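Heads up: the sequence lines are chains A and B, in that order. Going by my numbering, the final residue of the first sequence carries number 108, and the count climbs one at a time with no gaps. Going by my numbering, the final residue of the second sequence carries number 490, and the count climbs one at a time with no gaps. Here a beta-carbon is modelled for each residue, glycine too, at the ideal position from N, C-alpha and C. Fair warning: this is a prediction, and the values are worked out from it, not measured in the lab. The structure appears below as structure tokens.
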Amino acid sequence: MKEFMLLFRQPSYDFSQTSPKEMAELAGKWKSWVEGIAAQGYFVNNGSRLDLAGKVLRPGGVVTDGPFVEIKEKLGGYIVIKAASIDEALTLAHGCPVLEADGSVEVRPIYG
Amino acid sequence: METPTVSLKDLFQQEFPRIVAVITRQFGVQHMHAAEDIASETFLAAAETWGIKGIPANPAAWLYLVARQKAIHFWRRDKIYRDKVMPVITSNSVSEEELDFSEEHIQDSKLRMIFAVCNPVIASEAQIGLALRILCGFGIEEIATAFFTNRETISKRLLRAKDRLRQENIQLEMPADQDIIPRLENVLHVIYLVFNEGYYSRTQDQVLRRDLCLEALRLCLQLTTYPPTNTPATNALIALICFHASRFAARQPEEDTLLLYDEQDSSQWDLPLVRQGMHYLALSASGNYLTSYHLEARIAYWHCIPEDSTTKWEEILQLYDQLLTIKYSAAGALNRLYAKYKVAGAAAALKELLELQVPQHTDYYLLLGALYEQLDTEKAAKAYQQALSITTIPSEIQLLEEKLKNLKK
């Protein structure tokens, strides 16, 4: 078994259109997706969630503020799973709620 | 899986108005929309994080922490923008660290928000819409369902309302003591309309309708926490809502059925709510003003007494007589005639009904049919058929078809 990091990238949502009810449903979707991976014994750790705003330091001491408009999808967080191959890891990534929000899941092997 | 989802919805709905109120208080009413975005963005972060890591021990504190961070970020960005665009900073520039999520500050901000949103400078429908969104935390979709329209219409209506508040430079502050009573009158009216929207809504969504009524109750109770707004009228409105809401389950036992008062199973009435209503009705009986809420609350109270008696219907009839003199409505006039029928018989009520100048909606024909049932079955059937040709509401259609079937027996 190898370890893989699943990185969630998501576009900017139109927050004002989302109701508390839909938010609660979203939490349920994340929960069942993660639990599904854990139930099969593939879950390693639940990573971290990142604020979508921050600062960027560039060469020459240039500091810019987020949001990073030039990047279409922002890195929102990650979890770590284990799988026999990258294809198996990709299969587990299916059903991740960011996909429904037009985001993406990037699957990257972690060097042991 | 099911239970946590439901309670999270409640939590988000409860926290939405609180977060929006505190942030709007800090940044000003012109940034109400940004405050909504910050609250929603906070819930989004919570939905993902809690979905993966589980719900923290103190979810509200978690939300306030994230909302504060996001608000500070927004403020910094906005300040940069304003510094660049407008070299002169306005006087409401405040320190971002002041964002205060203490219980006391939240309650105070929410009260101010009630007065900002229920403001006659915006159209009455928009006030209800904005109240549902900003004060009760409903989503645009749910508001659209309650109003029987689409989300574009509601979105536009709310945006226009917020623009208007900005143009009028409405501040998030309590009206001065001498202005409280007239302003409170409008606030109570909006809450009353929110309640009506739930109780008489054309939508079939039962849960939503009940939520609307409960939110109206919550807003009223909030007003009782501040002495100047804890008036007899406020208490009367609470009593009114409690009494009506107590019959919710009995009135519509299933999605498609609507039971008229006579046919309701009184064992289904929610007695704790009736008792709560009586408590507030007692509190409302002071001061020098008799409002329509007082009269409507007393009418609703009598409807919570299951035993039919002459006193009951005579009392109701008198209350309707008083109510119609201070607030005339077609629905009130029809309801009064139902009491008249109970007191003086079908013929007397029918005579007045035929002379009554009211729009001939479903309710008119329902009453006409009920009265004719005692006098002339054929005319009763005709009245119910008239009602059937007008209504499009499934529960009403079912009720009318049932009545027609029973007539033939």
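{"Item": "Option in Leu452(B), Leu371(B) and Leu295(B) with minimal Cα separation from phenylalanine 219(B)", "Value": "Leu295(B)"}
{"Item": "Glutamate 69(A) in three-state terms, based on DSSP", "Value": "coil"}
{"Item": "For isoleucine 75(A): DSSP bridge partner residues", "Value": "Leu2(A)"}
{"Item": "Cutoff 6 Å; reference tyrosine 145(B); Cβ partners in own chain excluding five residues on either side", "Value": "Phe182"}
{"Item": "Buried versus exposed, by CB contacts within 10 Å (16 or more), proline 308(B)", "Value": "exposed"}
{"Item": "Contacts around valine 166(B), its chain only, beta-carbon distance under 6 Å, and the 5 residues preceding and following it disregarded", "Value": "In this prediction, valine 166(B) has a pLDDT of 48, which is less than 50 and means its spatial position is unreliable; what the coordinates show is noted afterwards. Excluding residues within five positions, none has a Cβ falling inside 6 Å."}
{"Item": "Cβ-Cβ distance between alanine 317(B) and serine 367(B) below 8 Å", "Value": "no"}
{"Item": "Reduced DSSP secondary structure (H/G/I, E/B, other) of phenylalanine 329(B)", "Value": "helix"}
{"Item": "CB contact check: threonine 284(B) to chain A, cutoff 8 Å", "Value": "no"}
{"Item": "Nearest-angstrom Cα separation, counted from leucine 300(B) out to histidine 325(B)", "Value": "16 Å"}
{"Item": "Backbone secondary structure at threonine 60(A) - three-state DSSP", "Value": "strand"}
{"Item": "For valine 169(B), three-class secondary structure by DSSP", "Value": "Any reading at valine 169(B) needs caution, since the residue's pLDDT is 41, under 50, leaving its predicted position unreliable; the model's value is listed next. In this structure, valine 169(B) counts as coil in the three-state DSSP scheme."}
{"Item": "Burial state of proline 263(B), where buried means 16 or more other Cβ atoms lie within 10 Å", "Value": "exposed"}
{"Item": "Rounded distance between the beta-carbons of threonine 284(B) and arginine 290(B), thought under 8 Å", "Value": "7 Å"}
{"Item": "Residues sharing a beta bridge with proline 105(A), DSSP", "Value": "Phe0(A)"}
{"Item": "Alanine 381(B) versus Ala425(B), Leu211(B) and Leu354(B), residue with shortest Cα-Cα distance", "Value": "Leu354(B)"}
{"Item": "Residues near leucine 71(A) by beta carbon distance below 7 Å, same chain, minus five either side", "Value": "Leu3, Arg5 and Leu46"}
{"Item": "Alpha-carbon to alpha-carbon, isoleucine 82(A) and isoleucine 106(A)", "Value": "11 Å"}
{"Item": "Between the CA atoms of tyrosine 281(B) and leucine 362(B) - distance to the nearest angstrom", "Value": "22 Å"}
{"Item": "Lysine 237(B) to lysine 243(B) span [Cα, whole Å]", "Value": "10 Å"}
{"Item": "Proximity of alanine 128(B) and tryptophan 26(A) at Cβ, strictly below 8 Å", "Value": "yes"}
{"Item": "Where the beta strand (DSSP E) containing serine 347(B) begins and where it ends", "Value": "First-last for serine 347(B): undefined, no H or E at that position."}
{"Item": "Min CB distance glycine 91(A) to chain B below 8 Å", "Value": "no"}
{"Item": "Element boundaries [alpha helix (DSSP H), containing lysine 490(B)]", "Value": "Here lysine 490(B) belongs to no alpha helix (DSSP H), and DSSP marks it neither H nor E."}
{"Item": "Neighbourhood of arginine 104(A) by C-beta distance below 6 Å, restricted to the same chain and skipping five residues each side", "Value": "Met1"}
{"Item": "Phenylalanine 124(B) - DSSP class collapsed to helix/strand/coil", "Value": "helix"}
{"Item": "Collapsed DSSP secondary structure at glutamate 177(B) in the structure displayed", "Value": "Note on glutamate 177(B): pLDDT 49, under 50, position unreliable in the model; no value is reported."}
{"Item": "Any 3 or more C-beta pairs closer than 8 Å across the stretch 462 to 479 of chain B and the stretch 436 to 452 of chain B", "Value": "yes"}
{"Item": "DSSP three-state assignment for phenylalanine 276(B), whether helix, strand or coil", "Value": "helix"}
{"Item": "Pairwise C-alpha distance: proline 256(B) and isoleucine 104(B)", "Value": "20 Å"}
{"Item": "Reference glutamate 483(B); option with closest CA among Leu340(B), Ile386(B) and Pro387(B)", "Value": "Leu340(B)"}
{"Item": "Contact between the stretch 244 to 251 of chain B and the stretch 109 to 127 of chain B (3+ Cβ pairs under 8 Å)", "Value": "yes"}
{"Item": "Minimum Cβ-Cβ distance from glutamine 111(B) to chain A less than 8 Å", "Value": "no"}
{"Item": "8 Å Cβ cutoff, aspartate 47(A) in contact with chain B", "Value": "yes"}
{"Item": "Residue range of the beta strand (DSSP E) that includes valine 110(B)", "Value": "First-last for valine 110(B): undefined, no H or E at that position."}
{"Item": "Own chain, CB closer than 6 Å to leucine 538(B), minus 5 neighbours either side, in chain order", "Value": "The structure shown does not extend to residue 538(B), since chain B spans only 82 to 490, so no value can be given for it."}
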